[in-house]
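Protein chains in written order, with full-length UniProt numbering: chain H, 1 to 185; chain X, 1 to 86.
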Amino acid sequence: MVTGYKQEYVYKHPWERVTSASWRKFADAENKRILSHILEVDMLNHSLDSSNGILRTTRAITVHCPGPWFVRKIVGQDMCHCVESTVVDARSRSMQLISKNISLQKFIEVQEMTRYDPHPDNPAGWTLCRQETSIRIKPFSALASMAEKVEQRCAERFLQNSGKSKEVMERICKYLEAESSGFSL
Amino acid sequence: MKEKKTSSKSSSSTSPCSHLRDAYNNCFNRWYSEKFMKGHWDKQECVAEWQKYRACLSQHLDDKLLSHFLEAEQIDQNHLSKPSNE
Numbered sequence: 001m002v003t004g005y006k007q008e009y010v011y012k013h014p015w016e017r018v019t020s021a022s023w024r025k026f027a028d029a030e031n032k033r034i035l036s037h038i039l040e041v042d043m044l045n046h047s048l049d050s051s052n053g054i055l056r057t058t059r060a061i062t063v064h065c066p067g068p069w070f071v072r073k074i075v076g077q078d079m080c081h082c083v084e085s086t087v088v089d090a091r092s093r094s095m096q097l098i099s100k101n102i103s104l105q106k107f108i109e110v111q112e113m114t115r116y117d118p119h120p121d122n123p124a125g126w127t128l129c130r131q132e133t134s135i136r137i138k139p140f141s142a143l144a145s146m147a148e149k150v151e152q153r154c155a156e157r158f159l160q161n162s163g164k165s166k167e168v169m170e171r172i173c174k175y176l177e178a179e180s181s182g183f184s185l
Numbered sequence: 001m002k003e004k005k006t007s008s009k010s011s012s013s014t015s016p017c018s019h020l021r022d023a024y025n026n027c028f029n030r031w032y033s034e035k036f037m038k039g040h041w042d043k044q045e046c047v048a049e050w051q052k053y054r055a056c057l058s059q060h061l062d063d064k065l066l067s068h069f070l071e072a073e074q075i076d077q078n079h080l081s082k083p084s085n086e
């Protein structure tokens with residue numbers, strides 16, 4: 001059983017600004033309040049290919065994912081550790097991220113792939129964000145009998161959180177725009 | 001106001017490193033926007049900040065969890081390196 005969905009979103013900001021915002025998303029206090037499901041984000045690894053302008057990073061993300069009571073009872077915890085791998089190609093202007101859970105894997109697998117590319121209609125000014133999420137309850141896990149319901153709930157929560165995430169991204173983009181036009185702090 | 005949520009975190013929390021993390025993130029974000037995005041990718045910066053932060057992490061991040069993270073990373077980085085010419 002797999003539940004998946006795709007989303008597209010256009011930021012009316014250049015790719016450089018949007019990807020900068022993506023790095024800052026979990027950082028400041030105001031954003032932490034909105035993205036309160038994100039408990040910790042830590043950089044584990046990064047490498048720069050200086051001949052090609054390719055940056056690769058790996059971050060650890062701890063997410064608060066309470067879920068309905070019956071799930072909590074089986075799973076026994078309400079936190080989930082995820083790993084996020086990112087590749088930024090500055091020369092071709094692309095950013096790709098893959099996040100997935102590494103804890104609770106015997107029950108559920110969630111993978112989220114995100115790409116930020118210059119928008120084909122306005123490559124210098126806009127950015128297209130494409131996101132694909134898949135949620136899969138492991139067939140023989142204790143959750144299997146209610147897989148559909150759990151996946152559904154999970155998907156709803158993901159959509160809700162990705163809405164918040166867009167809101168935060170837009171806000172940081174505006175801030176960066178103001179900063180670049182002379183209001184540097 | 002930043003640290004209000006600490007009580008709900010687990011024992012594997014890396015919050016003891018939060019000051020070093022903030023210092024590194026600030027440096028990284030500045031480097032990303034002001035250098036990397038402007039074509040100056042010849043040099044990785046923030047080395048001192050990274051070393052301090054990393055030393056703290058390796059002390060506070062649970063070993064089992066860390067090895068999990070790094071295994072998953074290998075798989076994804078390989079996966080990501082392929083479809084770059086879309």
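A virtual CB, placed ideally from N, CA and C, is assigned to each residue, including glycine.
This structure is a prediction, so every number in the text was calculated from the model and none was measured.
Test item: CB-CB of residue i and residue j under 8 Å
i	j	result
residue 172 of chain H	residue 72 of chain H	no
residue 17 of chain X	residue 56 of chain X	yes
residue 143 of chain H	residue 137 of chain H	yes
residue 24 of chain X	residue 95 of chain H	no
residue 119 of chain H	residue 2 of chain H	no
residue 189 of chain H	residue 60 of chain H	Only positions 1 to 185 of chain H appear in the structure, and residue 189 of chain H is not among them; the question remains open.
residue 104 of chain H	residue 86 of chain H	no
residue 132 of chain H	residue 13 of chain H	no
residue 129 of chain H	residue 40 of chain H	no
residue 218 of chain H	residue 63 of chain H	Any answer about residue 218 of chain H is impossible in this case: the structure gives chain H only from 1 up to 185.
residue 83 of chain H	residue 102 of chain H	yes
Rounded Cβ spacing between residue i and residue j (contact assumed at less than 8 Å)
i	j	result
residue 116 of chain H	residue 19 of chain H	6 Å
residue 169 of chain H	residue 21 of chain H	5 Å
residue 52 of chain H	residue 91 of chain H	6 Å
residue 34 of chain H	residue 164 of chain H	5 Å
residue 141 of chain H	residue 106 of chain H	6 Å
Reduced DSSP secondary structure (H/G/I, E/B, other) of residue i
i	result
residue 175 of chain H	helix
residue 54 of chain H	strand
residue 99 of chain H	strand
residue 60 of chain H	strand
residue 42 of chain X	coil
residue 163 of chain H	helix
residue 73 of chain H	helix
residue 85 of chain H	strand
residue 65 of chain H	coil
residue 35 of chain X	coil
residue 181 of chain H	coil
residue 15 of chain X	helix
residue 7 of chain H	strand
residue 51 of chain X	helix
Exercise. Which ranges does the beta strand (DSSP E) cover as unbroken runs of at least 3 residues, wholly within the segment 115-158 of chain H, from first to last along the chain?
Worked result: Taken in chain order, the complete beta strand (DSSP E) segments of 3 or more residues contained in the segment 115-158 of chain H are 127-137.
For this session: Taking only beta carbons into account, state which residues of the segment 20-46 of chain X come closer than 9 Å to chain H, listed in chain order.
Result: Close to chain H, meaning a Cβ-Cβ distance shorter than 9 Å, are the following residues of the segment 20-46 of chain X: 21, 22, 24, 25, 26, 28, 29, 32, 33, 36, 37, 38, 39, 41, 42, 43, 44.
Problem set entry | Runs of beta strand (DSSP E) wholly within the segment 10-55 of chain H (minimum 3 residues, chain order) | If we require 3 residues or more, the beta strand (DSSP E) runs fully inside the segment 10-55 of chain H come out as 38-49.
Exercise. When Cβ atoms are compared, which residues of the segment 52-76 of chain H fall closer than 7 Å to chain X?
Worked result: Here the close residues are 53, 55, 56, 58, 60.
For this session: Using a Cβ-Cβ cut-off of less than 7 Å, list which residues of the segment 16-28 of chain H approach chain X; keep chain order.
Result: With the criterion set as a beta carbon lying under 7 Å from some beta carbon of chain X, the members of the segment 16-28 of chain H are 16, 20, 23, 24, 27, in sequence order.
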